[in-house]
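Student:
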Amino acid sequence: EDTTGRPDGHITSLSVMRSYRRLGLAERLMNQSQRAMLESYGSACVSLHVRVSNQAAFSLYKNTLKF
Numbered sequence: 250e251d252t253t254g255r256p257d258g259h260i261t262s263l264s265v266m267r268s269y270r271r272l273g274l275a276e277r278l279m280n281q282s283q284r285a286m287l288e289s290y291g292s293a294c295v296s297l298h299v300r301v302s303n304q305a306a307f308s309l310y311k312n313t314l315k316f
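Okay, here's the thing in structure tokens:
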């Protein structure tokens, strides 16, 4: 929970098949997941872990999704 008492969301795993990458699917999945967590549980904060060596995922989360 954050300081407001609302539950935090957490993304455990997200993967897109190699042949479907660079189509915006991961961004859409993340946005939909965040929206569903907010609507279903009132989660305003979402956390995840990504390896620094996973440059594609790191760029998605840092630059595109602003984590």
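No gaps in the numbering here: position 33 of the sequence shown is 282 in my numbering, and each next residue is one more.
We put the CB at the ideal spot given by N, CA and C, even for glycine.
(1) Regarding Leu-297 and the ligand GTP, is the C-beta to nearest heavy atom distance less than 8 Å?
(2) Any contact between the region 295 to 303 and the region 264 to 274? By contact I mean 3 or more CB pairs, one from each, below 8 Å.
(3) At the level of alpha carbons, what is the spacing between Ala-285 and Glu-276?
(4) Leu-274 lies in the alpha helix (DSSP H); which residues open and close that run?
(5) Quick one: grab the DSSP three-state call for Asp-302.
Tutor: So, to answer that:
(1) With respect to the ligand GTP, the structure offers nothing, as it holds no ligand at all.
(2) no
(3) 14 Å
(4) 274 to 290
(5) Per the sequence shown, the amino acid found at residue 302 is Ser instead of Asp. Ser-302 falls in the coil class under three-state DSSP.
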